[in-house]
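Enquirer:
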(Lines of atoms letter the chains of each structure in order from A and count residues from 1; the text may use other names and numbers.)
(Lines give C-alpha, C1' and ligand atoms only; values in the text may rest on other atoms or scores of the structure.)
Protein backbone atom coordinates (compact mmCIF):
# COMPACT_ATOMS: atom_id res chain seq x y z
CA UNK A 1 0.00 0.00 0.00
CA UNK A 2 2.94 2.34 0.59
CA UNK A 3 3.77 2.13 -3.12
CA UNK A 4 0.19 3.16 -3.95
CA UNK A 5 0.17 6.14 -1.62
CA UNK A 6 3.66 7.23 -2.69
CA UNK A 7 2.70 7.40 -6.38
CA UNK A 8 -0.61 9.12 -5.68
CA UNK A 9 1.07 11.71 -3.47
CA UNK A 10 3.65 12.48 -6.18
CA UNK A 11 1.28 12.43 -9.16
CA UNK A 12 0.55 15.75 -10.75
CA UNK A 13 -1.84 16.57 -13.56
CA UNK A 14 -1.35 19.67 -15.69
CA UNK A 15 -4.33 21.88 -16.44
CA UNK A 16 -5.00 23.61 -19.77
CA UNK A 17 -5.61 27.35 -19.54
CA UNK A 18 -8.14 27.14 -22.37
CA UNK A 19 -10.39 24.80 -20.38
CA UNK A 20 -11.45 27.80 -18.28
CA UNK A 21 -12.47 29.86 -21.32
CA UNK A 22 -15.64 29.71 -23.38
CA UNK A 23 -15.70 26.84 -25.86
CA UNK A 24 -18.26 24.86 -27.80
CA UNK A 25 -18.97 22.79 -30.86
CA UNK A 26 -19.06 23.65 -34.56
CA UNK A 27 -22.57 24.91 -34.01
CA UNK A 28 -22.51 27.07 -30.92
CA UNK A 29 -20.41 28.43 -28.08
CA UNK A 30 -22.40 28.90 -24.88
CA UNK A 31 -20.82 31.71 -22.81
CA UNK A 32 -20.82 31.41 -19.03
CA UNK A 33 -20.75 34.14 -16.40
CA UNK A 34 -17.42 34.64 -14.64
CA UNK A 35 -15.27 33.23 -17.45
CA UNK A 36 -11.68 34.59 -17.45
CA UNK A 37 -10.87 37.58 -19.63
CA UNK A 38 -7.07 37.22 -19.70
CA UNK A 39 -4.28 34.74 -18.87
CA UNK A 40 -4.05 35.98 -15.29
CA UNK A 41 -7.66 35.12 -14.57
CA UNK A 42 -7.20 31.73 -16.24
CA UNK A 43 -4.25 31.03 -13.94
CA UNK A 44 -6.29 32.13 -10.92
CA UNK A 45 -9.04 29.67 -11.83
CA UNK A 46 -6.57 26.86 -12.42
CA UNK A 47 -5.09 27.55 -9.00
CA UNK A 48 -8.49 26.79 -7.49
CA UNK A 49 -8.35 23.28 -8.95
CA UNK A 50 -4.96 22.70 -7.33
CA UNK A 51 -6.14 24.24 -4.07
CA UNK A 52 -8.87 21.65 -3.69
CA UNK A 53 -7.23 18.58 -5.28
CA UNK A 54 -3.58 19.09 -4.36
CA UNK A 55 -2.67 17.37 -7.63
CA UNK A 56 -2.68 20.07 -10.33
CA UNK A 57 0.29 22.39 -9.70
CA UNK A 58 1.01 23.47 -13.29
CA UNK A 59 -0.94 25.34 -15.98
CA UNK A 60 -0.33 24.93 -19.72
CA UNK A 61 -0.51 28.04 -21.90
CA UNK A 62 -1.71 28.33 -25.50
CA UNK A 63 -0.11 30.94 -27.72
CA UNK A 64 -1.49 33.36 -28.94
CA UNK A 65 -4.58 32.73 -26.80
CA UNK A 66 -2.50 33.46 -23.68
CA UNK A 67 -0.19 36.06 -25.15
CA UNK A 68 0.96 38.73 -22.71
CA UNK A 69 3.53 41.50 -22.65
CA UNK A 70 5.41 40.11 -19.65
CA UNK A 71 5.63 36.33 -19.28
CA UNK A 72 7.98 36.61 -16.33
CA UNK A 73 5.30 38.61 -14.52
CA UNK A 74 2.67 36.00 -15.40
CA UNK A 75 5.00 33.31 -14.04
CA UNK A 76 5.41 35.27 -10.80
CA UNK A 77 1.65 35.70 -10.55
CA UNK A 78 1.19 31.95 -11.00
CA UNK A 79 3.64 31.28 -8.19
CA UNK A 80 1.77 33.70 -5.94
CA UNK A 81 -1.40 31.71 -6.69
CA UNK A 82 0.29 28.45 -5.70
CA UNK A 83 0.93 27.02 -9.18
CA UNK A 84 3.54 27.33 -11.93
CA UNK A 85 3.40 27.71 -15.70
CA UNK A 86 3.87 24.51 -17.67
CA UNK A 87 3.70 23.37 -21.26
CA UNK A 88 3.60 25.94 -24.05
CA UNK A 89 1.14 25.01 -26.82
CA UNK A 90 1.55 26.49 -30.28
CA UNK A 91 -1.27 27.57 -32.58
CA UNK A 92 -0.75 27.25 -36.33
CA UNK A 93 -4.33 26.42 -37.25
CA UNK A 94 -6.47 29.54 -36.87
CA UNK A 95 -4.95 32.12 -39.22
CA UNK A 96 -6.45 32.47 -42.69
CA UNK A 97 -2.99 31.86 -44.15
CA UNK A 98 -3.17 28.27 -42.88
CA UNK A 99 -6.12 27.19 -45.05
CA UNK A 100 -3.81 24.84 -47.00
CA UNK A 101 -1.58 24.05 -44.07
CA UNK A 102 1.03 25.68 -41.88
CA UNK A 103 4.50 24.08 -41.87
CA UNK A 104 3.47 21.81 -44.75
CA UNK A 105 1.82 24.55 -46.82
CA UNK A 106 2.95 24.63 -50.47
CA UNK A 107 3.72 28.36 -50.07
CA UNK A 108 7.21 28.92 -48.58
CA UNK A 109 6.13 32.25 -47.08
CA UNK A 110 3.35 30.59 -45.09
CA UNK A 111 5.71 27.85 -43.95
CA UNK A 112 8.15 30.52 -42.77
CA UNK A 113 5.41 32.30 -40.82
CA UNK A 114 4.34 29.07 -39.12
CA UNK A 115 7.87 28.02 -38.22
CA UNK A 116 8.63 31.47 -36.85
CA UNK A 117 5.61 31.13 -34.56
CA UNK A 118 6.95 27.81 -33.26
CA UNK A 119 10.31 29.44 -32.60
CA UNK A 120 8.50 32.27 -30.82
CA UNK A 121 6.94 29.66 -28.55
CA UNK A 122 10.41 28.41 -27.59
CA UNK A 123 11.35 32.01 -26.76
CA UNK A 124 8.32 32.12 -24.47
CA UNK A 125 9.41 28.85 -22.86
CA UNK A 126 12.71 30.50 -21.98
CA UNK A 127 10.83 33.29 -20.20
CA UNK A 128 8.32 31.09 -18.37
CA UNK A 129 10.78 28.34 -17.45
CA UNK A 130 8.68 25.77 -19.30
CA UNK A 131 10.16 22.41 -20.19
CA UNK A 132 7.73 21.25 -22.88
CA UNK A 133 6.67 22.61 -26.26
CA UNK A 134 3.58 20.84 -27.58
CA UNK A 135 2.97 20.82 -31.31
CA UNK A 136 -0.29 19.87 -32.98
CA UNK A 137 -0.86 20.48 -36.67
CA UNK A 138 -4.18 20.64 -38.44
CA UNK A 139 -2.23 20.35 -41.71
CA UNK A 140 -3.49 17.96 -44.34
CA UNK A 141 -5.47 17.71 -47.54
CA UNK A 142 -9.13 17.09 -48.33
CA UNK A 143 -8.88 15.65 -51.84
CA UNK A 144 -6.68 13.14 -53.67
CA UNK A 145 -4.13 14.97 -55.76
CA UNK A 146 -4.58 18.24 -53.88
CA UNK A 147 -0.91 18.20 -52.86
CA UNK A 148 2.10 15.88 -52.78
CA UNK A 149 1.79 13.70 -49.67
CA UNK A 150 5.50 12.89 -49.52
CA UNK A 151 6.54 16.51 -50.11
CA UNK A 152 4.37 17.56 -47.19
CA UNK A 153 6.22 15.10 -44.95
CA UNK A 154 9.52 16.61 -46.12
CA UNK A 155 8.29 20.11 -45.28
CA UNK A 156 7.11 18.92 -41.87
CA UNK A 157 10.46 17.30 -41.14
CA UNK A 158 12.31 20.46 -42.14
CA UNK A 159 10.26 22.67 -39.82
CA UNK A 160 10.48 20.23 -36.91
CA UNK A 161 14.25 20.02 -37.30
CA UNK A 162 14.64 23.79 -37.18
CA UNK A 163 12.54 24.08 -34.04
CA UNK A 164 14.25 21.09 -32.42
CA UNK A 165 17.63 22.74 -32.95
CA UNK A 166 16.37 25.81 -31.07
CA UNK A 167 15.40 23.84 -27.93
CA UNK A 168 17.54 24.21 -24.84
CA UNK A 169 19.20 21.29 -23.09
CA UNK A 170 16.34 21.03 -20.60
CA UNK A 171 13.49 21.47 -23.07
CA UNK A 172 11.43 18.89 -24.96
CA UNK A 173 9.25 18.78 -28.04
CA UNK A 174 5.94 16.90 -27.70
CA UNK A 175 4.53 15.92 -31.09
CA UNK A 176 0.80 15.29 -30.98
CA UNK A 177 -1.16 13.40 -33.63
CA UNK A 178 -4.80 13.32 -34.68
CA UNK A 179 -6.62 10.93 -36.99
CA UNK A 180 -8.56 13.59 -38.89
CA UNK A 181 -10.17 17.03 -38.70
CA UNK A 182 -10.04 19.53 -40.22
CA UNK A 183 -8.16 17.65 -42.94
CA UNK A 184 -10.26 14.69 -44.03
CA UNK A 185 -8.43 12.86 -46.84
CA UNK A 186 -4.88 12.82 -45.47
CA UNK A 187 -3.77 14.45 -42.23
CA UNK A 188 -0.03 15.11 -42.10
CA UNK A 189 0.41 13.75 -38.54
CA UNK A 190 -2.53 11.32 -38.32
CA UNK A 191 -1.25 8.60 -35.97
CA UNK A 192 1.30 7.54 -33.40
CA UNK A 193 3.47 5.86 -36.03
CA UNK A 194 3.95 9.09 -37.98
CA UNK A 195 4.67 11.04 -34.80
CA UNK A 196 7.07 8.32 -33.62
CA UNK A 197 8.94 8.29 -36.93
CA UNK A 198 9.52 12.04 -36.83
CA UNK A 199 10.56 12.12 -33.17
CA UNK A 200 12.90 9.18 -33.70
CA UNK A 201 14.69 11.08 -36.47
CA UNK A 202 14.87 14.29 -34.44
CA UNK A 203 16.48 12.88 -31.30
CA UNK A 204 15.95 12.19 -27.63
CA UNK A 205 14.41 15.60 -26.82
CA UNK A 206 11.48 14.85 -29.16
CA UNK A 207 8.73 12.58 -27.82
CA UNK A 208 5.12 11.71 -28.63
CA UNK A 209 2.01 13.13 -26.96
CA UNK A 210 -0.99 10.77 -26.91
CA UNK A 211 -4.34 12.57 -26.94
CA UNK A 212 -6.90 9.99 -25.84
CA UNK A 213 -9.57 11.52 -28.11
CA UNK A 214 -7.55 11.45 -31.34
CA UNK A 215 -8.02 7.85 -32.47
CA UNK A 216 -10.33 5.80 -34.63
CA UNK A 217 -13.17 3.98 -32.85
CA UNK A 218 -12.06 0.84 -30.99
CA UNK A 219 -8.37 1.74 -31.19
CA UNK A 220 -6.40 -0.01 -28.45
CA UNK A 221 -4.75 3.06 -26.96
CA UNK A 222 -3.07 1.13 -24.17
CA UNK A 223 -1.21 -0.90 -26.80
CA UNK A 224 0.11 2.34 -28.30
CA UNK A 225 1.15 3.47 -24.82
CA UNK A 226 3.00 0.21 -24.19
CA UNK A 227 4.88 0.37 -27.51
CA UNK A 228 5.88 4.02 -27.09
CA UNK A 229 7.01 3.45 -23.51
CA UNK A 230 9.07 0.45 -24.60
CA UNK A 231 10.73 2.64 -27.25
CA UNK A 232 11.34 5.49 -24.81
CA UNK A 233 9.20 7.85 -26.89
CA UNK A 234 6.09 8.44 -24.78
CA UNK A 235 6.35 11.96 -23.39
CA UNK A 236 2.85 13.04 -22.43
CA UNK A 237 -0.88 12.52 -22.46
CA UNK A 238 -3.67 14.89 -23.34
CA UNK A 239 -6.46 13.34 -21.30
CA UNK A 240 -10.08 13.66 -22.39
CA UNK A 241 -12.98 11.40 -23.36
CA UNK A 242 -14.67 10.69 -26.66
CA UNK A 243 -17.86 8.97 -27.72
CA UNK A 244 -17.49 9.62 -31.43
CA UNK A 245 -14.44 11.67 -32.44
CA UNK A 246 -12.45 14.44 -30.75
CA UNK A 247 -15.20 15.22 -28.27
CA UNK A 248 -12.87 16.73 -25.62
CA UNK A 249 -15.15 15.60 -22.80
CA UNK A 250 -14.02 15.10 -19.21
CA UNK A 251 -11.48 12.30 -18.96
CA UNK A 252 -13.00 9.05 -17.73
CA UNK A 253 -16.52 10.15 -18.62
CA UNK A 254 -17.04 7.96 -21.68
CA UNK A 255 -14.91 4.91 -20.82
CA UNK A 256 -13.35 4.88 -17.34
CA UNK A 257 -12.20 1.29 -17.90
CA UNK A 258 -10.09 2.44 -20.85
CA UNK A 259 -8.46 5.10 -18.69
CA UNK A 260 -7.65 2.42 -16.10
CA UNK A 261 -6.12 0.18 -18.78
CA UNK A 262 -4.02 3.02 -20.13
CA UNK A 263 -2.70 3.94 -16.70
CA UNK A 264 -1.89 0.31 -15.94
CA UNK A 265 0.35 0.25 -19.02
CA UNK A 266 2.02 3.44 -17.79
CA UNK A 267 2.65 1.64 -14.52
CA UNK A 268 3.85 -1.53 -16.27
CA UNK A 269 6.26 0.52 -18.39
CA UNK A 270 7.79 2.34 -15.44
CA UNK A 271 6.08 5.63 -16.21
CA UNK A 272 5.30 6.32 -12.56
CA UNK A 273 8.94 5.87 -11.56
CA UNK A 274 10.13 9.06 -13.29
CA UNK A 275 10.97 12.11 -11.21
CA UNK A 276 8.55 15.05 -11.63
CA UNK A 277 10.13 17.61 -13.91
CA UNK A 278 12.69 15.19 -15.31
CA UNK A 279 13.29 14.99 -19.06
CA UNK A 280 11.92 11.44 -19.14
CA UNK A 281 8.77 12.23 -17.18
CA UNK A 282 5.43 11.12 -18.57
CA UNK A 283 3.42 14.34 -18.36
CA UNK A 284 -0.24 13.89 -17.48
CA UNK A 285 -2.13 16.80 -18.99
CA UNK A 286 -5.81 17.55 -19.49
CA UNK A 287 -7.08 18.83 -22.84
CA UNK A 288 -10.77 19.47 -22.55
CA UNK A 289 -13.49 21.92 -23.51
CA UNK A 290 -16.25 22.37 -20.96
CA UNK A 291 -19.13 23.41 -23.18
CA UNK A 292 -22.15 22.96 -20.94
CA UNK A 293 -20.69 22.21 -17.50
CA UNK A 294 -18.99 24.81 -15.23
CA UNK A 295 -15.29 25.10 -16.03
CA UNK A 296 -13.58 24.79 -12.66
CA UNK A 297 -15.73 21.90 -11.34
CA UNK A 298 -15.21 20.17 -14.71
CA UNK A 299 -11.45 20.32 -14.20
CA UNK A 300 -11.70 19.22 -10.57
CA UNK A 301 -13.77 16.20 -11.58
CA UNK A 302 -11.29 15.35 -14.34
CA UNK A 303 -8.34 15.42 -11.94
CA UNK A 304 -10.26 13.18 -9.54
CA UNK A 305 -11.07 10.75 -12.36
CA UNK A 306 -7.38 10.42 -13.26
CA UNK A 307 -6.50 9.91 -9.60
CA UNK A 308 -9.12 7.18 -9.21
CA UNK A 309 -7.99 5.34 -12.33
CA UNK A 310 -4.37 5.60 -11.21
CA UNK A 311 -5.19 4.22 -7.78
CA UNK A 312 -6.98 1.25 -9.33
CA UNK A 313 -4.06 0.57 -11.67
CA UNK A 314 -1.70 0.58 -8.69
CA UNK A 315 -3.91 -1.95 -6.88
CA UNK A 316 -3.46 -4.62 -9.57
CA UNK A 317 -1.73 -7.60 -7.92
CA UNK A 318 1.09 -7.80 -10.44
CA UNK A 319 2.59 -10.98 -8.93
CA UNK A 320 -0.72 -12.80 -9.15
CA UNK A 321 -1.25 -11.40 -12.64
CA UNK A 322 2.17 -12.57 -13.82
CA UNK A 323 1.61 -16.02 -12.35
CA UNK A 324 -1.74 -16.42 -14.06
CA UNK A 325 -0.28 -15.20 -17.35
CA UNK A 326 2.64 -17.63 -17.10
CA UNK A 327 0.24 -20.50 -16.48
CA UNK A 328 -1.97 -19.50 -19.39
CA UNK A 329 -4.84 -18.94 -16.97
CA UNK A 330 -6.91 -16.61 -19.12
CA UNK A 331 -9.81 -16.15 -16.72
CA UNK A 332 -7.58 -15.95 -13.68
CA UNK A 333 -5.47 -13.19 -15.21
CA UNK A 334 -8.56 -11.26 -16.22
CA UNK A 335 -10.01 -11.67 -12.72
CA UNK A 336 -6.90 -10.11 -11.17
CA UNK A 337 -7.31 -7.16 -13.49
CA UNK A 338 -11.01 -6.76 -12.85
CA UNK A 339 -10.66 -7.09 -9.07
CA UNK A 340 -8.48 -3.99 -9.05
CA UNK A 341 -10.76 -2.08 -11.38
CA UNK A 342 -13.85 -2.91 -9.33
CA UNK A 343 -12.26 -1.70 -6.08
CA UNK A 344 -13.77 1.46 -4.65
CA UNK A 345 -10.71 3.69 -4.18
CA UNK A 346 -12.61 6.82 -3.17
CA UNK A 347 -12.10 6.25 0.59
CA UNK A 348 -8.36 5.82 -0.01
CA UNK A 349 -8.12 9.07 -1.95
CA UNK A 350 -10.25 10.90 0.60
CA UNK A 351 -7.87 9.74 3.32
CA UNK A 352 -4.82 10.87 1.35
CA UNK A 353 -6.35 14.30 0.87
CA UNK A 354 -7.03 14.63 4.57
CA UNK A 355 -3.41 13.71 5.30
CA UNK A 356 -2.40 16.65 3.07
CA UNK A 357 -4.72 18.98 4.94
CA UNK A 358 -7.26 19.03 2.10
CA UNK A 359 -10.98 18.47 2.18
CA UNK A 360 -11.73 14.80 1.35
CA UNK A 361 -14.38 15.93 -1.16
CA UNK A 362 -12.86 18.52 -3.54
CA UNK A 363 -16.09 19.10 -5.43
CA UNK A 364 -18.08 19.89 -2.30
CA UNK A 365 -15.26 22.00 -0.89
CA UNK A 366 -15.08 24.14 -4.02
CA UNK A 367 -18.84 24.63 -4.03
CA UNK A 368 -18.71 25.82 -0.41
CA UNK A 369 -15.80 28.16 -1.09
CA UNK A 370 -17.91 30.80 -2.80
CA UNK A 371 -15.29 31.30 -5.51
CA UNK A 372 -17.79 30.72 -8.32
CA UNK A 373 -20.06 33.48 -7.02
CA UNK A 374 -17.07 35.75 -6.44
CA UNK A 375 -15.79 35.63 -10.04
CA UNK A 376 -19.29 36.09 -11.47
CA UNK A 377 -19.63 39.27 -9.43
CA UNK A 378 -16.12 40.57 -10.18
CA UNK A 379 -15.67 39.73 -13.85
CA UNK A 380 -18.07 42.18 -15.36
CA UNK A 381 -17.17 43.90 -18.60
CA UNK A 382 -14.30 43.17 -20.93
CA UNK A 383 -14.09 40.32 -23.40
CA UNK A 384 -14.34 36.76 -22.17
CA UNK A 385 -11.59 34.42 -23.29
CA UNK A 386 -12.44 31.80 -25.89
CA UNK A 387 -11.06 30.04 -28.91
CA UNK A 388 -10.16 33.32 -30.54
CA UNK A 389 -8.25 34.83 -27.62
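Residue numbers (the working numbering): 242 to 630. For every residue, glycine included, the Cβ atom is placed at its ideal position computed from N, Cα and C. The model shown is predicted, which means the values in this text are computed figures rather than measured ones.
Got a sec? Which residues, its chain only, sit under 7 Å from residue 627 by beta carbon, not counting five neighbours each side?
Expert: So the list reads 262, 263, 264, 270, once near-sequence residues are dropped.
Enquirer: Kindly provide the ranges of any alpha helix (DSSP H) runs that are 4 or more residues long and lie completely inside the stretch 543 to 578, ordered along the chain.
Expert: Correct list: 559 to 567.
Enquirer: Which residues in the same chain as residue 272 place their Cβ atom closer than 7 Å to its Cβ, once the five residues preceding and following it in sequence are excluded?
Expert: So the list reads 263, 625, once near-sequence residues are dropped.
Enquirer: Check residue 483 in the structure and name its three-state DSSP category.
Expert: If DSSP states are grouped into helix, strand and coil, residue 483 belongs with coil.
Enquirer: Please confirm if residue 583 has its CB atom under 8 Å from at least one CB of chain B.
Expert: The displayed structure is made up of one protein chain only, and chain B is not part of it.
Enquirer: Quick check: what's the CA-CA separation for residue 602 versus residue 294?
Expert: Looking at the two C-alpha atoms, the distance is approximately 9 Å.
Enquirer: Drop a sphere of 10 angstroms on the beta-carbon of residue 275, count the other beta-carbons inside from all chains shown, and report buried for 16 or more, exposed for fewer.
Expert: So residue 275 counts as buried.
Enquirer: So, helix, strand or coil for residue 532, using DSSP?
Expert: If DSSP states are grouped into helix, strand and coil, residue 532 belongs with coil.
Enquirer: Roughly how many whole angstroms lie between the Cα atoms of residue 361 and residue 308?
Expert: About 11 Å.
Enquirer: Who does residue 413 pair with in a DSSP beta bridge?
Expert: 373, per the DSSP bridge assignment.
Enquirer: Run through the stretch 422 to 503 for me and flag every whole alpha helix (DSSP H) of 4 or more residues, listed as ranges in chain order.
Expert: Complete alpha helix (DSSP H) runs here, min 4: 433 to 443, 462 to 471.
Enquirer: At what residues does the alpha helix (DSSP H) containing residue 242 begin and finish?
Expert: Neither: residue 242 is in no alpha helix (DSSP H) and is coded neither H nor E.
Enquirer: Taking only the alpha-carbon atoms, compute the straight-line gap between residue 246 and residue 557 and give it to the nearest angstrom.
Expert: Between residue 246 and residue 557, the C-alpha separation is close to 14 Å.
Enquirer: Helix, strand or coil for residue 300? Go by DSSP, reduced to three states.
Expert: Residue state, collapsed to three classes: strand.
Enquirer: Taking 8 Å as the threshold (C-beta atoms), are residue 484 and residue 527 in contact?
Expert: Not closer than 8 Å, so no.
Enquirer: Please say whether residue 441 and residue 404 have beta carbons closer to each other than 8 Å?
Expert: No, the Cβ-Cβ distance between residue 404 and residue 441 is not below 8 Å.
Enquirer: Please list, in chain order, all residues of the same chain as residue 443 whose beta carbon is under 8 Å from its beta carbon, the five residues on each side excluded.
Expert: Closer than 8 Å at Cβ, skipping near neighbours: 401, 402, 405, 414.
Enquirer: Answer yes or no: do residue 516 and residue 522 have a C-beta to C-beta separation smaller than 8 Å?
Expert: Yes. Within cutoff.
Enquirer: Between the alpha carbons of residue 473 and residue 609, how many angstroms are there, rounded?
Expert: Answer to the nearest angstrom: the Cα atoms are 44 Å apart.
Enquirer: So, at 8 Å on beta carbons, what are the nonlocal neighbours of residue 495 in its own chain, with the 5 sequence-adjacent residues on each side left out?
Expert: Only 482, 483, 484, 488 meet the Cβ criterion.
Enquirer: Looking only at C-alpha atoms, which of 302, 598, 451, 467 sits nearest to residue 363?
Expert: Of 302, 598, 451, 467, the residue nearest in Cα terms is 302.
Enquirer: By Cβ distance below 7 Å, which residues in the same chain neighbour residue 365 in space, the five residues on each side in sequence not counted?
Expert: Closer than 7 Å at the Cβ level, and outside the excluded window around residue 365, lie 304, 312, 329.
Enquirer: Which two residues bound the contiguous beta strand (DSSP E) that contains residue 526?
Expert: Start and end: 524 to 527.
Enquirer: Beta strand (DSSP E) containing residue 408: first to last residue?
Expert: Where residue 408 is concerned, there is no enclosing beta strand (DSSP E), given that its DSSP letter is neither H nor E.
Enquirer: Going by C-alpha distance, which of 538, 622, 570, 251 is nearest residue 606?
Expert: Nearest of 538, 622, 570, 251 to residue 606, Cα basis: 538.
Enquirer: In chain order, which alpha helix (DSSP H) runs of at least 4 residues are fully inside the stretch 601 to 627?
Expert: Here the runs fully enclosed are 603 to 610, 612 to 619.
Enquirer: Look at the alpha carbon of residue 183 and the alpha carbon of residue 599, and state the distance between them as a whole number of angstroms.
Expert: For residue 183 there is no data in the structure shown, the boundaries of the chain being 242 and 630.
Enquirer: I'd like the list of long-range same chain contacts for residue 376, defined as Cβ closer than 6 Å, with 5 residues on each side in sequence excluded.
Expert: The residues are 331, 416.
Enquirer: Using the DSSP secondary-structure output, state which residues sit across from residue 381 in a beta bridge.
Expert: Residue 381 pairs with 428.
Enquirer: For residue 255, write down the residues that DSSP places opposite it in a beta bridge.
Expert: DSSP lists 526 as partners of residue 255.
Enquirer: Are there 16 or more other CB atoms within 10 angstroms of the CB of residue 391, so buried, or fewer, so exposed?
Expert: So residue 391 counts as exposed.
Enquirer: Answer yes or no: do residue 550 and residue 478 have a C-beta to C-beta separation smaller than 8 Å?
Expert: No.
Enquirer: Find the nearest neighbour of residue 546 within the set 438, 256, 347, 492, judged by alpha-carbon distance.
Expert: The candidate whose alpha carbon is nearest that of residue 546 is 492.
Enquirer: Residue 323 by DSSP, collapsed to three states: which one?
Expert: Coil at residue 323, not helix or strand.
Enquirer: Among the residues of its own chain, which have a CB less than 8 Å from the CB of residue 425, if the five just before and after it don't count?
Expert: 381, 383.
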